[in-house]
Amino acid sequence: MGRFLASLALALAVAAPATAAPPDLSKMGAAELSAFLRSFPKGGELHNHLGGGIPAEDLLAWAVEDGLCVDAVELAIRPTCAGENLRPAADYQGNEALRSALIDSLTTRAPGFRGRSGHDQFFTAFGRRGMSPLRAGDGLAETLEGLARQNTFYAELMFTPQFVASRAVGARVGWKGDPAATKAALSAAGLEGLVPAARADADRVLNRAREVMKCDTQQARPGCQVTVRFLFQAMREGPPEQTMAQLQLGVATIAADNRFVGLQLVAPEDSFDATRYYDTHMRIVAELTDQGRRTPVALHAGEVTLKLVTPKSQSHRVRDAVFVAGARRIGHGVALPQETDADATAAEMARRGVLVEVQILSNQVILEVDPADHPYAWLRKKGVPVALSTDDSGITRTELSGDYVAAVRNGATYADLRTAARNAIAFSFLPGEGLWLDPNGYRRPVAACAGQVGAAEPKGACAAFVAGSEKAREQWRHERLLREFEARF
Ligand SMILES: [Zn+2]
Numbered sequence: 233m234g235r236f237l238a239s240l241a242l243a244l245a246v247a248a249p250a251t252a253a254p255p256d257l258s259k260m261g262a263a264e265l266s267a268f269l270r271s272f273p274k275g276g277e278l279h280n281h282l283g284g285g286i287p288a289e290d291l292l293a294w295a296v297e298d299g300l301c302v303d304a305v306e307l308a309i310r311p312t313c314a315g316e317n318l319r320p321a322a323d324y325q326g327n328e329a330l331r332s333a334l335i336d337s338l339t340t341r342a343p344g345f346r347g348r349s350g351h352d353q354f355f356t357a358f359g360r361r362g363m364s365p366l367r368a369g370d371g372l373a374e375t376l377e378g379l380a381r382q383n384t385f386y387a388e389l390m391f392t393p394q395f396v397a398s399r400a401v402g403a404r405v406g407w408k409g410d411p412a413a414t415k416a417a418l419s420a421a422g423l424e425g426l427v428p429a430a431r432a433d434a435d436r437v438l439n440r441a442r443e444v445m446k447c448d449t450q451q452a453r454p455g456c457q458v459t460v461r462f463l464f465q466a467m468r469e470g471p472p473e474q475t476m477a478q479l480q481l482g483v484a485t486i487a488a489d490n491r492f493v494g495l496q497l498v499a500p501e502d503s504f505d506a507t508r509y510y511d512t513h514m515r516i517v518a519e520l521t522d523q524g525r526r527t528p529v530a531l532h533a534g535e536v537t538l539k540l541v542t543p544k545s546q547s548h549r550v551r552d553a554v555f556v557a558g559a560r561r562i563g564h565g566v567a568l569p570q571e572t573d574a575d576a577t578a579a580e581m582a583r584r585g586v587l588v589e590v591q592i593l594s595n596q597v598i599l600e601v602d603p604a605d606h607p608y609a610w611l612r613k614k615g616v617p618v619a620l621s622t623d624d625s626g627i628t629r630t631e632l633s634g635d636y637v638a639a640v641r642n643g644a645t646y647a648d649l650r651t652a653a654r655n656a657i658a659f660s661f662l663p664g665e666g667l668w669l670d671p672n673g674y675r676r677p678v679a680a681c682a683g684q685v686g687a688a689e690p691k692g693a694c695a696a697f698v699a700g701s702e703k704a705r706e707q708w709r710h711e712r713l714l715r716e717f718e719a720r721f
């Protein structure tokens, strides 16, 4: 009997909601907040560019291993050592002054480096980082290890398979006057025949990452525990038929391979092509995805300010991404409050459950938006779901925990951060029914799991429910981690 009561008490302790008062983060000093949010389970990372997430030190180490060179004038890693001003990468690793200058060049850590704005230093850094596609798996491993170190186990990473081949089909076919006609012409030219090669790109990257992390061995690294899915990203530069070819290959690849879960459009949103073709790109996405109904879509939108684009150009970006293209998630959305009818757009996003992937630290560097002025607080007030993510942590030299700290500086409470972390799985593009009936609210779990959320293992009908849904499986794991974390206070 005693043992029965003890096990009953244990079961109740596991299943009962946390009763202690949540901590007041606004009263924590910088060190306390940093340590607290580092171990806080952050659910997932929904906005992370695989190429921009790698620290400069790793890029330099790989350049040395691969026998690459550094352009001594541009301070850029190059794939060849044939040409002027090129010195072996090893020279830079072994000399502190040279190494430091190269890290400055590959990141945004030195404000005003060579007179560039944060925006220009950030976007030009990609061309200097010498990120070889052959090292993408090493980069993925680094990213996953970083998330595991921060108690976070789901990643939806942006990845670009078959870039050259797909855009070549677009260049050959040309623009046929509208998205529907161009889509038919791209298919007739055999674009979808590239799907097996795109899947093979994913195989290579994932296999290499698992090899680096020693997965399936006794020495398996914690990063092996992170679930990875890819967003097929296309570049919003060049003629629209080339961007469309990438997106169309993405739609076909997502349909064929469940490791790919959605689309993204990338490149500086304020560039000449991104700006002049913005409307065309939205119509292309709408055509290819049936406004997001056939294929999940996340779009960078509103990652601009009036320093970068005209008021007219800024006035409709998020609105069109939602209403024209059918985006289910918006990357950044910083300029939404400056758009025409911003309140109505935000209200509709809240109604539809369109989430904003907020990147406070990236926006501070690239857009010069002070964290205290970031619209994260306004979005929450409007009922728009939000998640926190890093963008390109290898260039900005940040970590996901740092974005959570910045969110507190923007006024977020512990409850807000708990919602943001849960949103990072609930609004992922993982298939399956979610554990919660009220995403962004999190008061009502599905009936099968009522009273069980946070326990170590699901039981009965809940076990069957969780086993049958990829999304619910990740949510179950997160709730267990959250319960363990909250047991400390
Ligand atoms: Zn981004």
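Numbering (my numbering), first residue to last: 233 to 721. All residues carry an ideal CB built from backbone N, CA and C; glycine is no exception. Computed from a predicted structure; not experimentally measured.
- prompt: With 16 as the cutoff for other CB atoms within 10 Å, does Glu264 come out buried or exposed?
  reply: exposed
task: Measuring alpha carbon to alpha carbon, tell me which of Leu426, Ser625, Gly700 and Arg361 ends up nearest Leu389.
output: Ser625
- prompt: beta strand (DSSP E) containing Ala387: first to last residue?
  reply: Tyr386 to Phe391
message: Classify Ser332: buried if its beta carbon has 16 or more other beta carbons within 10 angstroms, exposed otherwise.
response: exposed
task: Mind listing, in chain order, the continuous beta strand (DSSP E) runs of no fewer than 3 residues lying wholly within the region 244–292?
output: 277–281
query: So, using beta-carbon positions, are Gln546 and Gln523 closer together than 7 Å?
result: no
Residue from Glu711, Ala397, Leu667 and Leu593 with nearest C-alpha to Ala679: Leu667
message: What residue range does the alpha helix (DSSP H) around Cys694 cover?
response: Ala693 to Ala699
query: What are the boundary residues of the beta strand (DSSP E) that Leu366 is part of?
result: No beta strand (DSSP E) holds Leu366; DSSP gives it neither H nor E.
message: At the level of alpha carbons, what is the spacing between Gln382 and Ala429?
response: 33 Å
- prompt: So Ala420 is in the alpha helix (DSSP H); what residue range does that whole segment cover?
  reply: Pro411 to Ala420
- request: Give the straight-line distance between the Cα atoms of Asp336 and Gly344, rounded to the nearest whole angstrom.
  value: 10 Å
field: Distance, Glu711 Cα to Thr781 Cα
entry: Residue numbering for the chain in the displayed model covers 233 to 721; residue 781 lies beyond these limits and cannot be assessed.
task: Quick one: using the 10 Å Cβ neighbour count with 16 as the cut-off for buried, is Gln465 buried or exposed?
output: buried
query: Around the C-beta of Val194, are 16 or more other C-beta atoms found within 10 angstroms, so that it is buried, or is it exposed?
result: Residue 194 falls outside the range modelled here, since the chain spans only 233 to 721, and no answer is possible.
task: Mind checking which residues open and close the beta strand (DSSP E) that includes Gln707?
output: Gln707 -> not in any beta strand (DSSP E); alpha helix (DSSP H) instead, spanning Glu702 to Glu718.
- prompt: Less than 6 Å between the CB of Asp502 and some heavy atom of ligand 1, yes or no?
  reply: no
task: State the beta-bridge partners of His513 as determined by DSSP.
output: Paired residue(s): none; His513 is not in a bridge.
field: Three-way DSSP call (helix, strand, coil) for Gln496 in this model
entry: strand
message: With three or more C-beta pairs closer than 8 Å as the rule, is the region 524–541 touching the region 417–427?
response: no
CA nearest to the CA of Ala308, picked from Thr339, Asn280 and Gly283: Thr339
- prompt: Just reading off the alpha helix (DSSP H) that Val401 is part of, what are its end residues?
  reply: Phe395 to Val405
message: Taking 6 Å as the limit, name every residue whose beta carbon sits nearer than that to some heavy atom of ligand 1, in sequence order.
response: His279, His281, His532, Gly563 and Asp623
message: Quick check on His351: does DSSP put it in helix, strand or coil?
response: helix
- prompt: For Pro500, does the count of other Cβ atoms within 10 angstroms reach 16, so buried, or fall short, so exposed?
  reply: buried
- prompt: How is Ala241 classed by DSSP in three states: helix, strand or coil?
  reply: Residue placement at Ala241 cannot be trusted, given a pLDDT of 47 that sits under 50; the coordinates are not used to answer.
Proximal residues to Leu438 (C-beta, below 6 Å), its chain only, five neighbours per side dropped: none
message: Tell me which residues share the same chain as Ala397 and place their Cβ nearer than 8 Å to its Cβ, disregarding the 5 neighbours each side in the sequence.
response: Leu426 and Ala429
- prompt: Is it a yes or a no for the region 636–647 touching the region 585–602, going by three-plus beta-carbon pairs under 8 Å?
  reply: yes
query: Hey, how far is the Cα of Thr521 from the Cα of Val616?
result: 23 Å
query: Tell me which same chain residues have a C-beta within less than 7 Å of the C-beta of Arg319, skipping the five on either side of it?
result: Cys301, Val302 and Ala304
query: What do you reckon, are the CB atoms on Asn642 and Pro671 nearer than 7 Å?
result: no
message: What residue range does the alpha helix (DSSP H) around Gly482 cover?
response: Pro472 to Ala488
- request: Could you round the C-beta distance between Gly285 and Gly371 to whole angstroms and report it? I think they count as a contact, below 8 Å.
  value: 7 Å
- prompt: For the putative contact between Val588 and Gly558, defined by C-beta atoms under 8 Å, what is the C-beta separation to the nearest angstrom?
  reply: 16 Å between Cβ atoms; not a contact.
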